[in-house]
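Here the structure comes first, spelled out in structure tokens, and everything after it is commentary.
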Amino acid sequence: MAAIASSEVDSKGGLRAAGRLSCIIGALLIALTLHGIWRAVGHRSPWPRRFLRRVAIILGADIRIVGRPLTRDAVIVANHLSWFDILLLAGTAGARFVAKAEVAALPLIGWLAGLNRTLFVERGDRLGVSDQVATIRAALAEGQPLAIFPEGTTGDDLSLLPFKPALFAALVPPIPGIRVQPVRIDYGAASGDLAWLGTDPGDAHAKRVLRRAGRFRVTLHYLDPFDPADFPDRKAMAAEARARIAAS
Numbered sequence: 108m109a110a111i112a113s114s115e116v117d118s119k120g121g122l123r124a125a126g127r128l129s130c131i132i133g134a135l136l137i138a139l140t141l142h143g144i145w146r147a148v149g150h151r152s153p154w155p156r157r158f159l160r161r162v163a164i165i166l167g168a169d170i171r172i173v174g175r176p177l178t179r180d181a182v183i184v185a186n187h188l189s190w191f192d193i194l195l196l197a198g199t200a201g202a203r204f205v206a207k208a209e210v211a212a213l214p215l216i217g218w219l220a221g222l223n224r225t226l227f228v229e230r231g232d233r234l235g236v237s238d239q240v241a242t243i244r245a246a247l248a249e250g251q252p253l254a255i256f257p258e259g260t261t262g263d264d265l266s267l268l269p270f271k272p273a274l275f276a277a278l279v280p281p282i283p284g285i286r287v288q289p290v291r292i293d294y295g296a297a298s299g300d301l302a303w304l305g306t307d308p309g310d311a312h313a314k315r316v317l318r319r320a321g322r323f324r325v326t327l328h329y330l331d332p333f334d335p336a337d338f339p340d341r342k343a344m345a346a347e348a349r350a351r352i353a354a355s
């Protein structure tokens, strides 16, 4: 009986994953068509970020926003639990991201990241840090919010890791009009299922999310922004952003 029940669960999970993938493909085709139309007439397209939000909803997310997201002239600084974070920040604040250069080479994922105007940088290239900073500063001048995950990675549990200050160097000296907005992402009761922890293989985690039953509430706490000019250096900015997230 236990084997039969397990087989039924696996079968339902497989059907659920297949249905979600079909919906994602359908949403992608619609978004790509509309994206092409927007670009053809010379407008900046909102469809990549709208598609990413739709993917989060298809995967079961009921998104709740606390606070007011900055949708222009901002560096969004968030805790990092999963690739799901990208869907949420792009979908609610219209953010683009800074990602490792290797992401650009990933099938489909790299292409989708490019559509959302992701900045690809060589994280391990210490000699190229000044070029990375220049690239980020130039991107911020375009107005679209830029999201970063200063933890640098997901950990072995749900705790908040120390913030690495490297990317905050793009705000030294401060760019007039650019603010930093800390964000705490809270998956609530679904944290254990959604968090991508430790050495969990990416494909296994994606499969688990696709097969997961039911919906879940995820809350994005958009905290009060601060002016980088009020802080002496990148380390102080990183510490302030982390402190605000930890206290929220």
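Going letter by letter, the sequence shown gives residues 108 to 355 in our numbering.
For glycine and all other residues, C-beta sits at the position ideal for the given N, C-alpha and C.
Identity of the residues DSSP links to residue i by a beta bridge
i: D169; result: R324
i: I292; result: L327
i: K207; result: V228
Contacting residues, own chain, Cβ-Cβ under 6 Å from residue i (five flanking each side not counted)
i: Q239; result: V228
i: D300; result: R319
i: W145; result: S152
i: G120; result: R318
i: L234; result: Legend: pLDDT at L234 = 47, less than 50; position of this residue unreliable, value from coordinates given subsequently. Cβ within range, chain order: n/a, list empty.
Contact under 7 Å by Cβ, residue i with residue j
i: G174; j: Y329; result: yes
i: W154; j: A138; result: yes
i: T260; j: W303; result: no
i: I170; j: V290; result: no
i: L265; j: S237; result: no
i: R341; j: F270; result: no
i: F373; j: H187; result: Outside the shown range of the chain (108 to 355) lies residue 373, about which nothing can therefore be said.
i: R278; j: P335; result: It should be pointed out that residue 278 corresponds to Leu in this sequence rather than to Arg. It is a contact, given that the beta carbons lie within the stated cut-off.
i: L327; j: I292; result: yes
Nearest residue (CA-CA) to residue i, options the options
i: L159; options: K207, V210, N223 and L177; result: N223
i: F333; options: T261, A181, R244 and L194; result: A181
i: A248; options: P281, K314, F270 and K271; result: P281
i: L177; options: L122, H150, E258 and Q288; result: Q288
i: I165; options: T306, A277, T140 and L128; result: L128
i: V316; options: L195, G143, A163 and V210; result: A163
i: G309; options: F256, L135, L141 and V210; result: V210
i: I352; options: A296, G221 and V184; result: V184
First through last residue of the alpha helix (DSSP H) which encompasses residue i
i: K271; result: First-last for K271: undefined, no H or E at that position.
i: D192; result: F191 to A200
i: I68; result: This structure leaves residue 68 out entirely; the chain is present only between 108 and 355.
i: A311; result: G309 to R318
Same chain, Cβ closer than 8 Å to residue i, five either side skipped, listed in chain order
i: A110; result: Residue placement at A110 cannot be trusted, given a pLDDT of 47 that sits under 50; what the coordinates show is reported in the next sentence. Nothing listed; no residue qualifies.
i: R203; result: A197, N223, R224, T225, L226, A246, Q251, P252, L253 and A254
i: C130; result: I165
Opening and closing residue of the beta strand (DSSP E) in which residue i lies
i: A254; result: L253 to I255
i: V279; result: Element bounds for V279: n/a, residue is neither H nor E.
i: V148; result: Note, V148: premise wrong, no beta strand (DSSP E); not H, not E.
i: A181; result: A181 to A185
Within-7 Å CB hit, residue i to chain B
i: D238; result: Chain labels in this structure do not include chain B; a single protein chain is all it has.
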